[in-house]
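Below is one structure, written out as structure tokens; the observations come after it.
There are 4 protein chains.
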Amino acid sequence: MITETPAPKLLVSEWLNTPTPLSLEALEGKVVLIEAFQMLCPGCVSHALPQAMKVRELFPEDQVAVLGLHSVFEHHEAQGHRAALEAFLHEYRVSFPVGIDEQSDTAPLPKTMMTYGMRGTPTALLIDRNGILRRHSFGLIEDMVLGAEIAALLQEAPVTQQKPIKTGNQAGCSDGACPAPSAQ
Amino acid sequence: MITETPAPKLLVSEWLNTPTPLSLEALEGKVVLIEAFQMLCPGCVSHALPQAMKVRELFPEDQVAVLGLHSVFEHHEAQGHRAALEAFLHEYRVSFPVGIDEQSDTAPLPKTMMTYGMRGTPTALLIDRNGILRRHSFGLIEDMVLGAEIAALLQEAPVTQQKPIKTGNQAGCSDGACPAPSAQ
Amino acid sequence: MITETPAPKLLVSEWLNTPTPLSLEALEGKVVLIEAFQMLCPGCVSHALPQAMKVRELFPEDQVAVLGLHSVFEHHEAQGHRAALEAFLHEYRVSFPVGIDEQSDTAPLPKTMMTYGMRGTPTALLIDRNGILRRHSFGLIEDMVLGAEIAALLQEAPVTQQKPIKTGNQAGCSDGACPAPSAQ
Amino acid sequence: MITETPAPKLLVSEWLNTPTPLSLEALEGKVVLIEAFQMLCPGCVSHALPQAMKVRELFPEDQVAVLGLHSVFEHHEAQGHRAALEAFLHEYRVSFPVGIDEQSDTAPLPKTMMTYGMRGTPTALLIDRNGILRRHSFGLIEDMVLGAEIAALLQEAPVTQQKPIKTGNQAGCSDGACPAPSAQ
């Protein structure tokens with residue numbers, strides 16, 4: 221999903237690992253990787269979160285922001301409270317900021333997940349320096365590909381006219397990835 | 221820890237993945253692998269549980285029993301209720317019986333963990349056909365070693381005089397393994 | 221391939237990593253693992269030889285013998301001279317004895333390979349304490365399975381009547397394994 | 221090693237996997253990855269060559285050239301003839317062009333290796349669209365880092381003034397990497 225309009229706002233009920241709430245607006249000028257996950261999603265735990273941690277480690281913080289988004293759409297009683305997520309982040313040494321995707325009163329999917337049309341977890345979103353969503357992909361990504369895409373976005377100047385570099389991954393869900401109910 | 225007295229009773233508050241509660245007495249005649257774990261222990265998730273699942277797959281069920289034991293000693297609010305464990309077992313496709321190690325009113329460690337003197341999770345216990353504990357090890361074990369030890373126990377006849385084949389692994393805790401508070 | 225007659229003699233033109241030539245007769249009383257390989261067979265390099273090295277490390281030398289057999293059936297100009305094999309064994313830190321399977325003047329396959337009816341490399345042969353071939357399998361084996369089979373053979377007394385414990389792996393060749401021409 | 225002068229010429233005695241000899245001059249306009257390796261270097265086989273194959277697969281051929289360079293500095297009798305290398309490239313499915321680094325009559329290291337001051341194998345060289353060497357690193361590189369560096373070079377226009385983006389990896393040699401004699 222590529223747009224030339226700004227990436228939709230993150231609808232987050234609480235932030236962890238950050239002293240103050242974050243917003244995409246405040247991050248403009250940086251390339252932003254958002255990793256939407258669930259703490260009980262095997263592919264998130266084994267692949268997507270370690271990959272996001274590697275991005276955090278390999279790219280400079282003043283150029284690339286890495287955010288987690290806990291987008292719980294199932295097992296709410298197990299994953300849907302802050303204490304569970306805090307314990308998880310502690311045990312898995314996830315130290316970048318993580319927002320809890322706001323639950324909806326009326327829909328089964330949390331609000332940011334719905335707004336972005338995410339198909340499940342893990343989903344990676346890449347947002348350029350001008351706040352435009354440039355990659356939206358469900359499932360696993362090669363480290364080499366993700367590194368290349370972030371580097372390409374880093375080379376772009378802020379506030380210029382953007383061209384999409386890559387269409388979103390529309391392929392079927394990989395092993396360990398969790399498609400959301402409406403996406404199946 | 222090797223003994224010639226029967227392995228202590230499992231003190232379990234609830235059983236999952238089994239229609240009826242289990243006991244070591246009822247399993248006598250089989251070799252029993254017990255994998256003590258916590259759902260938020262990284263080494264349990266990445267190594268010990270997949271290994272126990274491989275044992276389940278490779279050895280015949282009428283000869284080798286594989287049990288999980290959810291021995292929660294930290295993050296009780298996240299791991300310490302049945303719904304959380306059920307969601308975890310579902311997502312990680314753990315289908316062998318799992319007992320919830322009974323919490324103590326007075327001690328920080330659950331009761332089976334205390335009785336066996338476990339140092340943390342993951343801990344693997346191997347019990348022979350006569351109900352004698354033959355291996356107790358904290359941390360990760362090589363697949364080849366575990367396969368060899370189970371096969372050796374399978375060759376022993378029930379109700380004969382046993383000799384310990386291997387001293388327990390007393391080595392320091394590996395990456396990802398969680399030492400219990402009193403064990404540190 | 222299971223037999224109750226002794227495993228055929230190894231037909232070896234030269235031995236490396238051993239001061240004196242070896243023979244199955246001289247190894248009787250031990251369980252013997254023979255790993256037939258080629259230095260340019262990817263599955264041998266990435267899986268079978270590291271596995272044989274792990275067997276060497278985990279089982280006692282006075283109970284389990286581990287031998288390599290360099291059974292060259294292709295790329296003779298690259299693999300078929302002693303200096304190439306020596307360099308390979310040095311770089312990959314293979315320190316157990318390795319025999320060079322004797323080339324035939326008349327057939328494309330080396331002699332031991334032909335005698336045993338091997339289908340390619342890697343092939344693992346397990347020989348019991350009485351010199352009887354108990355496993356013959358082409359391709360990759362799980363560490364847990366190989367550990368279990370060796371341990372089971374270790375429990376058997378020498379010079380007793382043997383029963384086959386396992387039929388050979390007749391499954392199709394795995395990735396990286398090299399079927400010999402006549403076996404394709 | 222970063223320079224603003226053109227990367228030195230490749231001194232190659234023979235080319236494989238290409239109908240005509242290659243030269244850096246002829247590749248100008250493309251980003252070039254050169255992977256210097258030896259067929260009996262474990263780190264080259266397990267890591268560097270698969271990584272170069274992944275680069276070949278993930279980046280477009282008209283933008284990124286991937287070359288192997290067989291820089292033999294030891295075990296000449298095993299690795300130092302064309303037939304051995306051909307067999308190796310065939311078995312490991314290496315299909316990009318590979319040059320044989322020209323042996324010197326007077327020095328132990330082959331000529332390109334010496335000219336570039338390589339410390340051993342694997343060594344990765346990254347050359348930009350203008351023929352300037354931008355990375356020279358001995359040992360293993362993270363996929364994410366290599367992907368990012370290639371992407372960054374791809375964004376640069378040819379024939380402009382270049383700035384070095386990264387100093388060469390001067391760290392000690394990793395497991396499996398082979399330092400050349402003069403580099404030890």
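Chains as they are written, first to last, in our numbering: chain A, 221 to 404; chain B, 221 to 404; chain C, 221 to 404; chain D, 221 to 404. Glycine residues also receive a C-beta, built at the ideal position from the N, C-alpha and C atoms.
Nearest-angstrom beta carbon gap, B:L289 and B:T332 [assumed within contact, 8 Å] | As a first step, residue 332 of chain B must be located in the second sequence, where it is residue number 112. As a first step, residue 289 of chain B must be located in the second sequence, where it is residue number 69. Confirmed, about 6 Å.
Verify the CB distance criterion: does B:P270 have a CB-CB separation below 8 Å to chain A?
-> Within the second sequence, the letter at position 50 stands for residue 270 of chain B. Interface residue (Cβ-Cβ distance to chain A less than 8 Å): B:P270 is not classified as such.
Among D:E369, D:P399 and D:P378, the one whose alpha carbon lies nearest that of D:V275 = Numbered from its first residue, the fourth sequence carries residue 275 of chain D at position 55. Closest option to D:V275, Cα to Cα, is D:E369.
Residue from D:R349, D:A377, D:I347 and D:T341 whose Cα sits closest to the Cα of D:H267 = As a working note, residue 267 of chain D is residue 47 in the fourth sequence. The shortest C-alpha separation from D:H267 is found at D:T341.
Given a threshold of 16 other Cβ atoms within 10 Å of its Cβ, counted over all protein chains shown, does A:R313 qualify as buried or as exposed?
-> Residue numbering aside, residue 313 of chain A sits at position 93 when the first sequence is read from its first letter. The residue is exposed, with fewer than 16 neighbouring Cβ atoms inside 10 Å.
Assign D:V265 to one of three DSSP states: helix, strand, or coil.
-> Translated into the one-based positions of the fourth sequence, residue 265 of chain D becomes position 45. D:V265 falls in the helix class under three-state DSSP.
Of the residues C:L260, C:V292 and C:G337, which one's Cα is nearest the Cα of C:E322?
-> Indexing the third sequence from 1 puts residue 322 of chain C at position 102. Selected option, being the one with the closest Cα: C:V292.
DSSP on C:D363, reduced to helix/strand/coil?
-> Counting from 1 along the third sequence, the entry for residue 363 of chain C is found at position 143. In the three-state reduction of the DSSP assignment, C:D363 falls in the helix class.
Do B:K250 and B:R349 come within 8 Å of each other at the CB atom, strictly closer than that value?
-> Locating residue 349 of chain B in the second sequence gives position 129, counting from the first residue. Locating residue 250 of chain B in the second sequence gives position 30, counting from the first residue. Contact flag set, yes.
Would A:T387 be called buried (16 or more neighbouring beta carbons within 10 Å of its own) or exposed?
-> If you number the first sequence from 1, residue 387 of chain A lands on position 167. Per-residue confidence for A:T387 stands at a pLDDT of 39, beneath the threshold of 50, marking its modelled position as unreliable; the derived number appears in the next sentence. With fewer than 16 Cβ atoms within 10 Å of its Cβ, A:T387 is classed as exposed.
Bridge partners of D:I352, per DSSP?
-> On the fourth sequence, residue 352 of chain D is found 132 positions in, with the first residue counted as 1. Paired residue(s): D:P226.
Could you check the C-alpha separation between C:L305 and C:I347 for me, to the nearest Å?
-> Numbered from its first residue, the third sequence carries residue 305 of chain C at position 85. Numbered from its first residue, the third sequence carries residue 347 of chain C at position 127. The straight-line gap from Cα to Cα measures roughly 25 Å.
When the Cα atoms are used, what is the spatial distance from B:P226 to B:G367?
-> Here the question's residue 226 of chain B lines up with position 6 in the second sequence. Here the question's residue 367 of chain B lines up with position 147 in the second sequence. Distance between the alpha carbons of B:P226 and B:G367 is about 23 Å.
Which one or two residues does DSSP pair with C:G319 in a beta bridge?
-> Translated into positions along the third sequence, residue 319 of chain C becomes position 99. The partner list for C:G319 (beta bridge, DSSP) reads C:W235 and C:L289.
Neighbour-count burial assignment, D:P239, 16 or more Cβ in a 10 Å radius = Translated into the one-based positions of the fourth sequence, residue 239 of chain D becomes position 19. With fewer than 16 Cβ atoms within 10 Å of its Cβ, D:P239 is classed as exposed.
Quick one: is B:A372 near chain C, going by C-beta distance under 8 Å?
-> By one-based count along the second sequence, residue 372 of chain B stands at place 152. Cβ-Cβ to chain C under 8 Å: yes for B:A372.
Measure the C-alpha to C-alpha separation of C:E297 and D:A303 and round it to an integer number of angstroms.
-> Looking up residue 297 of chain C in the third sequence gives position 77. Looking up residue 303 of chain D in the fourth sequence gives position 83. Using only the alpha carbons, I get a separation of about 7 Å.
Endpoints, alpha helix (DSSP H) assigned at D:A344 | Here residue 344 of chain D is taken as the residue at index 124 of the fourth sequence, counted from 1. Where D:A344 is concerned, there is no enclosing alpha helix (DSSP H), although the beta strand (DSSP E) it sits in stretches over T343 to I347.
Note down, in chain order, every chain A residue with its Cβ under 9 Å from the Cβ of D:L278.
-> Here residue 278 of chain D corresponds to residue number 58 of the fourth sequence, with the count starting at 1. Under the 9 Å cutoff, chain A gives E362, M364, V365 and A368.
With 9 Å as the limit, tell me which residues of the region 243 to 276 of chain D have their beta carbon closer than that to any beta carbon of chain A; keep them in chain order.
-> Q271, K274 and V275
Span of the alpha helix (DSSP H) around C:L244 | For the purposes of this step, residue 244 of chain C is identified with residue 24 of the third sequence, where counting begins at 1. Segment L244 to L247, the alpha helix (DSSP H) holding C:L244.
Anything in chain D within Cβ reach of A:L283, meaning under 7 Å, just list it in chain order.
-> Numbered from its first residue, the first sequence carries residue 283 of chain A at position 63. Here the sequence assigns Gln to residue 283 of chain A, which means Leu is not the residue at that position. Within 7 Å Cβ-Cβ: nothing; A:Q283 doesn't reach chain D, min ~11 Å.
Is the beta carbon of B:W235 less than 8 Å from the beta carbon of B:G319?
-> Locating residue 235 of chain B in the second sequence gives position 15, where the first residue counts as 1. Locating residue 319 of chain B in the second sequence gives position 99, where the first residue counts as 1. Against a cut-off of 8 Å, the Cβ pair of B:G319 and B:W235 comes out as a contact.
Are the C-beta of A:H290 and some C-beta of chain B separated by less than 8 Å?
-> What you label residue 290 of chain A is simply residue 70 of the first sequence in a count that begins at 1. For A:H290, the answer is no, since every Cβ of chain B falls outside 8 Å of its Cβ.
Sort D:E277, D:V284, D:Q258 and D:F308 by Cα distance to D:E248 and report the nearest one.
-> For the purposes of this step, residue 248 of chain D is taken as the residue at position 28 of the fourth sequence. Ranking D:E277, D:V284, D:Q258 and D:F308 by Cα distance to D:E248 puts D:V284 first.
B:Q323 versus chain C: which residues are under 7 Å apart at the beta carbon?
-> Here residue 323 of chain B corresponds to residue number 103 of the second sequence, with the count starting at 1. Per Cβ cutoff of 7 Å: no residues; B:Q323 is ~33 Å from chain C at best.
Where the beta strand (DSSP E) containing A:A307 begins and where it ends | As a first step, residue 307 of chain A is located in the first sequence; it is residue number 87 there, counting from the start. Premise fails: A:A307 lies in the alpha helix (DSSP H), R302 to E311, not in any beta strand (DSSP E).
Which class does D:E255 belong to by DSSP, given the choice of helix, strand or coil?
-> For the purposes of this step, residue 255 of chain D is taken as the residue at position 35 of the fourth sequence. Here D:E255 sits in strand by DSSP.
Below-8 Å beta-carbon distance, B:F293 vs any chain A residue | For the purposes of this step, residue 293 of chain B is identified with residue 73 of the second sequence, where counting begins at 1. No, because no Cβ of chain A sits closer than 8 Å to the Cβ of B:F293.
Alpha carbon to alpha carbon, what distance is there between D:L253 and D:A371?
-> Sequence index remark: in the fourth sequence, residue 371 of chain D carries index 151 (1-based). Sequence index remark: in the fourth sequence, residue 253 of chain D carries index 33 (1-based). Cα-Cα distance, rounded: 12 Å.
First and last residue of the alpha helix (DSSP H) that includes B:A297?
-> Translated into the one-based positions of the second sequence, residue 297 of chain B becomes position 77. Note that residue 297 of chain B is Glu in the sequence shown here, rather than Ala. B:E297 -> alpha helix (DSSP H) spans H296 to Q299.
Are the C-beta of A:A298 and some C-beta of chain B separated by less than 8 Å?
-> Within the first sequence, the letter at position 78 stands for residue 298 of chain A. Yes, contact with chain B.
For D:V275, which of helix, strand or coil comes out of DSSP?
-> Locating residue 275 of chain D in the fourth sequence gives position 55, where the first residue counts as 1. D:V275: helix per DSSP, three-state reduction.
In three-state DSSP terms, what is C:P399?
-> On the third sequence, position 179 is the one that residue 399 of chain C refers to. In the structure shown, the three-state DSSP call for C:P399 is strand.
How many Å lie between C:Q382 and C:F358 at the Cα?
-> Position 162 of the third sequence, counting from 1, holds the residue named residue 382 of chain C. Position 138 of the third sequence, counting from 1, holds the residue named residue 358 of chain C. In this predicted model, C:Q382 has a pLDDT of only 44, less than 50, meaning its place in the structure is not dependable; the value taken from the coordinates is given anyway. Straight-line Cα distance between these residues: approximately 23 Å.
How many angstroms separate the CA atom of B:E311 from the CA atom of B:T343?
-> Locating residue 311 of chain B in the second sequence gives position 91, counting from the first residue. Locating residue 343 of chain B in the second sequence gives position 123, counting from the first residue. About 22 Å.
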